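A.B. asks: Here you go, one structure.
Residue numbers (my numbering): 1 to 393.
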């Protein structure tokens, strides 16, 4: 079965106000990763009010709803994440966070609201659905090891044929849909370097091994890993994001700790990155008589969209929304634990524009003034419903 745009709007327009209300409630009551107890209960309660759904709790702070159609067919999973970030919100609209130090600064409130809306629409069309749809409301996307892997381990993908998900995207104009096969989000690995020197009085640096000066050289020299040690056709980001050392203006500390992230798509480059970094770290520290400790942790896998599934989904979006709305996604060096689902079954992760310069919705993800244009929410519901009928026919 296919669904026309007029039919789609007939189903989605009546619930748009409710989807916006869900999003605003969630924005007002954010909970950070692995602490989404009230959020997951709220989602559970909303789903229990929708006829035809079987609602369960795969993990302590996640929710899954199953909708089984009137005819046998494939099993499609649709995922939304629910967690917030540990950020103090600076917005001034009426539904700002009531939990100081926690904020929906990445659009997960919108993702959850859109999937609630999708479940509402599809439950009312059960007689037209062949197969099963699983609505995955996932916890802890923002904090490694992530909630996706926990949900996979709990069996939410058992028997699933395909999985899809979306992200409201601040840099994309509201209402646009961006989708592409292959790598679309990077592997977000992390590292910590501790430089062990010799402390002493700042007036006598010759009697010390200055961990701060050595650390400053490391920040600069590590950039050579990207600019001079890797294939320039293979994307890579290496960012030092913290530098902690010292307690007083007149004391050279005996140690300094740096940490940061490495982002890659290519598996071989990802595997080689720790060795390339350690060669630089060893050279700089030994040259100045210091020692070091180096810890490198692999984060999520890169998000790699299945080519066949993505082509099918893009064709459905173009047919439904038009060429002017659908574009090729530009890969991002951001990370996403949606990749855990793709390790199990073919998956596609696409982007929905949520930025709007005219409305002042211009702040990037993870910014204390981030928000989304709520006009993007019905587009999200419509894209999920379109995907269901395109992929399950």
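Glycine is no exception: its CB is placed at the ideal position from the N, C-alpha and C atoms. Remember, it's a predicted structure, so these values are computed and weren't measured experimentally.
#1: Note down, one range per segment and in chain order, each alpha helix (DSSP H) of at least 4 residues found wholly within the segment 223-294.
#2: Are the Cβ atoms of residue 105 and residue 78 separated by less than 9 Å?
#3: Would residue 199 pass as a contact of residue 208 if the rule is Cβ separation under 9 Å?
#4: With a cut-off of 8 Å, do at least 3 Cβ pairs link the segment 356-376 to the segment 145-165?
#5: For residue 128 and residue 151, I'd like the C-alpha separation in whole angstroms.
#6: Report the residue from 330, 369, 8 and 81 whose alpha carbon sits nearest the alpha carbon of residue 337.
#7: How is residue 48 classed by DSSP in three states: helix, strand or coil?
#8: Apply the 10 Å Cβ neighbour rule to residue 314 and answer buried if 16 or more other Cβ atoms are within range, or exposed otherwise.
#9: Helix, strand or coil: how does DSSP classify residue 179 here?
#10: Nearest-angstrom Cα distance between residue 192 and residue 267?
#11: So what does residue 128 bridge to, in DSSP terms?
#12: Contact defined as beta carbons within less than 8 Å: I believe residue 248 pairs with residue 256. What is the distance between those atoms, to the nearest angstrom?
#13: When the Cα of residue 135 is compared with those of 125, 147, 119 and 142, which residue comes out closest?
#14: Check whether the segment 107-126 touches the segment 17-29, counting contact only when three or more Cβ pairs, one atom from each stretch, lie closer than 8 Å.
#15: Does DSSP put residue 168 in a helix, a strand or coil?
#16: Would you call the CB atoms of residue 379 and residue 175 closer than 9 Å?
#17: Based on Cα-Cα distance, which residue from 302, 40, 303 and 275 lies nearest to residue 295?
#18: Can you pull the DSSP bridge partners for residue 328?
#19: Would you call residue 317 buried or exposed, if buried means 16 or more other Cβ atoms sit within 10 Å of its Cβ?
#20: Report yes if the C-beta distance between residue 183 and residue 43 is below 9 Å; otherwise report no.
#21: Which class does residue 25 belong to by DSSP, given the choice of helix, strand or coil?
#22: Output the boundary residues of the alpha helix (DSSP H) element that contains residue 81.
#23: Going by alpha carbons, who is nearest to residue 350 out of 6, 178, 306 and 369?
#24: May I ask which residues mark the beginning and end of the beta strand (DSSP E) holding residue 66?
#25: Quick check on residue 173 - is its C-beta less than 9 Å from some C-beta in chain D?
#26: Tell me, please, whether the segment 276-295 touches the segment 213-223 by the rule of three or more beta-carbon pairs shorter than 8 Å.
#27: For residue 229, which residues from the same chain have a beta carbon less than 8 Å from its beta carbon, with the 5 sequence-adjacent residues on both sides left out?
#28: Mind reading off the beta-carbon distance from residue 180 to residue 328? Whole number of angstroms is fine, and I expect it under 8 Å.
#29: Alpha carbon to alpha carbon, how far is residue 343 from residue 84?
#30: What are the partner residues of residue 352, as DSSP defines its beta bridges?
#31: Among 386, 383, 370 and 171, which has the Cα closest to the Cα of residue 331?
#32: Using the C-alpha atoms, what's the distance from residue 335 back to residue 13?
#33: Measure the CB-CB distance between residue 36 and residue 140 and report whether it falls below 9 Å.
#34: Within the continuous beta strand (DSSP E) that includes residue 158, where are the two ends?
#35: Just the Cα atoms here: how many angstroms apart are residue 110 and residue 137?
C.D. replies: To lay it out plainly:
#1: Counting only runs of 4 or more residues that sit fully inside the segment 223-294, the alpha helix (DSSP H) segments are 223-228 and 267-287, in chain order.
#2: Counting from 1 along the chain shown, the entry for residue 105 is found at position 105. Counting from 1 along the chain shown, the entry for residue 78 is found at position 78. No.
#3: Translated into positions along the chain shown, residue 199 becomes position 199. Translated into positions along the chain shown, residue 208 becomes position 208. The criterion of a C-beta distance shorter than 9 Å is satisfied by residue 199 and residue 208.
#4: Between the segment 356-376 and the segment 145-165 there are fewer than three C-beta pairs closer than 8 Å, too few to call the two in contact.
#5: Here the question's residue 128 lines up with position 128 in the chain shown. Here the question's residue 151 lines up with position 151 in the chain shown. Approximately 28 Å between the Cα atoms of the pair.
#6: On the chain shown, residue 337 is found 337 positions in, with the first residue counted as 1. It is 81.
#7: Along the chain shown, one-based indexing puts residue 48 at 48. If DSSP states are grouped into helix, strand and coil, residue 48 belongs with the helices.
#8: For the purposes of this step, residue 314 is taken as the residue at position 314 of the chain shown. Looking at its Cβ environment, which holds 16 or more other Cβ atoms inside 10 Å, residue 314 is buried.
#9: Residue 179 sits at position 179 when you count from the first residue of the chain shown. Residue 179: strand per DSSP, three-state reduction.
#10: Translated into positions along the chain shown, residue 192 becomes position 192. Translated into positions along the chain shown, residue 267 becomes position 267. Their Cα atoms are separated by approximately 21 Å.
#11: Locating residue 128 in the chain shown gives position 128, where the first residue counts as 1. Residue pairing for residue 128: DSSP places it in no beta bridge.
#12: Locating residue 248 in the chain shown gives position 248, where the first residue counts as 1. Locating residue 256 in the chain shown gives position 256, where the first residue counts as 1. Contact check for residue 248 and residue 256: beta-carbon distance about 14 Å, past the 8 Å limit, so the pair fails to qualify.
#13: Here the question's residue 135 lines up with position 135 in the chain shown. Ranking the options by Cα distance to residue 135, first place goes to 119.
#14: Between the segment 107-126 and the segment 17-29 there are three or more C-beta pairs closer than 8 Å, enough to call the two in contact.
#15: In the chain shown, counting from the first residue as 1, residue 168 sits at position 168. It is a strand residue.
#16: Numbered from its first residue, the chain shown carries residue 379 at position 379. Numbered from its first residue, the chain shown carries residue 175 at position 175. Against a cut-off of 9 Å, the Cβ pair of residue 175 and residue 379 comes out as a contact.
#17: For the purposes of this step, residue 295 is identified with residue 295 of the chain shown, where counting begins at 1. The candidate whose alpha carbon is nearest that of residue 295 is 275.
#18: Translated into the one-based positions of the chain shown, residue 328 becomes position 328. Residue 328 pairs with 179.
#19: Counting from 1 along the chain shown, the entry for residue 317 is found at position 317. By the neighbour-count rule (16 or more Cβ atoms within 10 Å), residue 317 is buried.
#20: Along the chain shown, one-based indexing puts residue 183 at 183. Along the chain shown, one-based indexing puts residue 43 at 43. No; because the gap between Cβ atoms is not below 9 Å, this pair is not in contact.
#21: Looking up residue 25 in the chain shown gives position 25. For residue 25, the secondary structure class from DSSP, reduced to helix, strand or coil, is helix.
#22: Within the chain shown, numbered from 1, the residue matching residue 81 stands at position 81. Taken as a continuous stretch (DSSP letters only), residue 81 belongs to no alpha helix (DSSP H), being part of the beta strand (DSSP E) at 71-81.
#23: Position 350 of the chain shown, counted from the first residue, corresponds to residue 350. Of all alpha-carbon atoms in 6, 178, 306 and 369, the one lying nearest the alpha-carbon of residue 350 is that of 178.
#24: Position 66 of the chain shown, counted from the first residue, corresponds to residue 66. 63-68 is the extent of the beta strand (DSSP E) around residue 66.
#25: Absent here is chain D; the protein component of the structure consists of one chain.
#26: Contact between the segment 276-295 and the segment 213-223 is present: three or more C-beta pairs spanning the two stretches fall below 8 Å.
#27: Residue numbering aside, residue 229 sits at position 229 when the chain shown is read from its first letter. Scanning its chain for C-beta atoms nearer than 8 Å, with the 5 sequence neighbours on each side dropped, one finds around residue 229 the residues 276, in chain order.
#28: As a first step, residue 180 must be located in the chain shown, where it is residue number 180. As a first step, residue 328 must be located in the chain shown, where it is residue number 328. So it is a contact: roughly 5 Å between Cβ atoms.
#29: As a first step, residue 343 is located in the chain shown; it is residue number 343 there, counting from the start. As a first step, residue 84 is located in the chain shown; it is residue number 84 there, counting from the start. Spanning the two alpha carbons is a distance of roughly 25 Å.
#30: Residue numbering aside, residue 352 sits at position 352 when the chain shown is read from its first letter. Partner(s): 168 and 177.
#31: Taking the first residue of the chain shown as 1, we reach residue 331 at position 331. It is 171.
#32: Start at 1 with the first residue of the chain shown, and residue 13 comes out as number 13. Start at 1 with the first residue of the chain shown, and residue 335 comes out as number 335. For residue 13 and residue 335, the distance between alpha carbons rounds to 33 Å.
#33: Stepping through the chain shown from its first residue, residue 36 is reached at position 36. Stepping through the chain shown from its first residue, residue 140 is reached at position 140. Yes; because the gap between Cβ atoms is below 9 Å, this pair is in contact.
#34: For the purposes of this step, residue 158 is taken as the residue at position 158 of the chain shown. The continuous stretches of beta strand (DSSP E) do not include residue 158, and DSSP gives it neither H nor E.
#35: Within the chain shown, numbered from 1, the residue matching residue 110 stands at position 110. Within the chain shown, numbered from 1, the residue matching residue 137 stands at position 137. Looking at the two C-alpha atoms, the distance is approximately 12 Å.
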